[in-house]
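Going by the working numbering, the first residue of the sequence shown is number 232, and it counts up by one from there. Note that CB positions come from ideal geometry on N, CA and C, so glycine has one too. A short worksheet on the structure shown next.
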Amino acid sequence: RAERPDLQARALGLGGVARGKGGAYADGMRTIQDGLSLALERELTPVAAEVYQRLGTAREIAGDYAGARDALHTALGLCDASGDGLHHTCLSCMAYVLRELGDWDQAQELCRDLIAPGARPAETLVADGVLGAIEVWRGDPHGGPLLTRCLETSARLNVVSMQCDSAAALA
Numbered sequence: 232r233a234e235r236p237d238l239q240a241r242a243l244g245l246g247g248v249a250r251g252k253g254g255a256y257a258d259g260m261r262t263i264q265d266g267l268s269l270a271l272e273r274e275l276t277p278v279a280a281e282v283y284q285r286l287g288t289a290r291e292i293a294g295d296y297a298g299a300r301d302a303l304h305t306a307l308g309l310c311d312a313s314g315d316g317l318h319h320t321c322l323s324c325m326a327y328v329l330r331e332l333g334d335w336d337q338a339q340e341l342c343r344d345l346i347a348p349g350a351r352p353a354e355t356l357v358a359d360g361v362l363g364a365i366e367v368w369r370g371d372p373h374g375g376p377l378l379t380r381c382l383e384t385s386a387r388l389n390v391v392s393m394q395c396d397s398a399a400a401l402a
């Protein structure tokens with residue numbers, strides 16, 4: 232109703248992810264692509280970065296981790312170009328995708344960069360879970376406290392995906 236293309240593109244990206252999570256993957260991808268087209272046509276670089284991040288999320292949900300990595304790589308490039316604050320979110324998503332692709336060394340390095348001294352647990356939620364899981368799977372007991380922090384933070388913030396992920400890694 233506001234006739235703002237930035238809001239329309241963002242809404243299409245978010246709606247597409249919701250459709251994908253609801254099982255309508257093809258419809259969700261079309262919706263995200265519509266939002267991405269709108270953002271790119273209007274040269275809304277920060278919005279395009281956000282919608283590319285949504286595309287990465289949708290591809291990750293579908294198990295297309297290589298596609299998710301590519302979409303997140305594009306989102307990161309747009310974040311760098313626009314100075315957008317979504318950069319940390321895209322890096323967190325990238326760390327998760329890299330872990331799932333088996334690129335554990337790069338995922339660990341990225342997570343260590345994301346877990347800055349003095350950062351709040353809400354800011355390091357995904358990095359805690361990804362790094363903690365890799366460490367325990369490699370036999371390093373230092374991953375346990377990271378997973379515990381991830382589990383506690385995800386429970387407090389109701390981030391079900393990271394609750395399940397960290398609980399499974401702890402198990």
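Span of the alpha helix (DSSP H), counted from its first residue to its last, around residue i
| i | result |
| --- | --- |
| residue 319 | 318-332 |
| residue 275 | It is not in any alpha helix (DSSP H) - residue 275 carries neither H nor E in the DSSP assignment. |
| residue 295 | It is not in any alpha helix (DSSP H) - residue 295 carries neither H nor E in the DSSP assignment. |
| residue 340 | 335-345 |
| residue 241 | 236-252 |
| residue 350 | It is not in any alpha helix (DSSP H) - residue 350 carries neither H nor E in the DSSP assignment. |
| residue 419 | Only positions 232 to 402 of the chain appear in this structure, which leaves residue 419 out of reach. |
| residue 233 | Looking at the DSSP string, residue 233 is not in any alpha helix (DSSP H), and its letter there is neither H nor E. |
| residue 398 | 391-401 |
Spatial neighbours of residue i in its chain, beta-carbon cut-off 7 Å, leaving aside the 5 residues before and after
| i | result |
| --- | --- |
| residue 393 | 356, 357, 360, 381, 385 |
| residue 335 | 365 |
| residue 323 | 345, 357, 358 |
| residue 256 | 293 |
| residue 337 | 329 |
Residues near residue i in its chain [Cβ-Cβ closer than 6 Å; skip 5 each side]
| i | result |
| --- | --- |
| residue 309 | 276, 279, 280 |
| residue 401 | 378 |
| residue 243 | 262, 265, 266 |
Proximal residues to residue i (C-beta, below 8 Å), its chain only, five neighbours per side dropped
| i | result |
| --- | --- |
| residue 391 | 385 |
| residue 388 | 353, 356 |
| residue 248 | 259, 263, 285, 288, 289, 292 |
| residue 317 | 277, 280, 281, 284, 306, 310 |
Residue i classed as buried or exposed, judged by whether at least 16 other C-beta atoms fall within 10 angstroms
| i | result |
| --- | --- |
| residue 321 | buried |
| residue 250 | buried |
| residue 395 | exposed |
| residue 329 | buried |
| residue 345 | buried |
| residue 235 | exposed |
| residue 339 | buried |
| residue 240 | buried |
| residue 333 | exposed |
| residue 362 | buried |
| residue 253 | exposed |
| residue 374 | buried |
Integer-rounded CB distance, given that residue j should sit under 8 Å from residue i
| i | j | result |
| --- | --- | --- |
| residue 283 | residue 267 | 7 Å |
| residue 259 | residue 289 | 6 Å |
| residue 245 | residue 285 | 6 Å |
| residue 341 | residue 326 | 5 Å |
Taking three-plus beta-carbon pairs below 8 Å as touching, is the region 367-378 in contact with the region 295-305?
no
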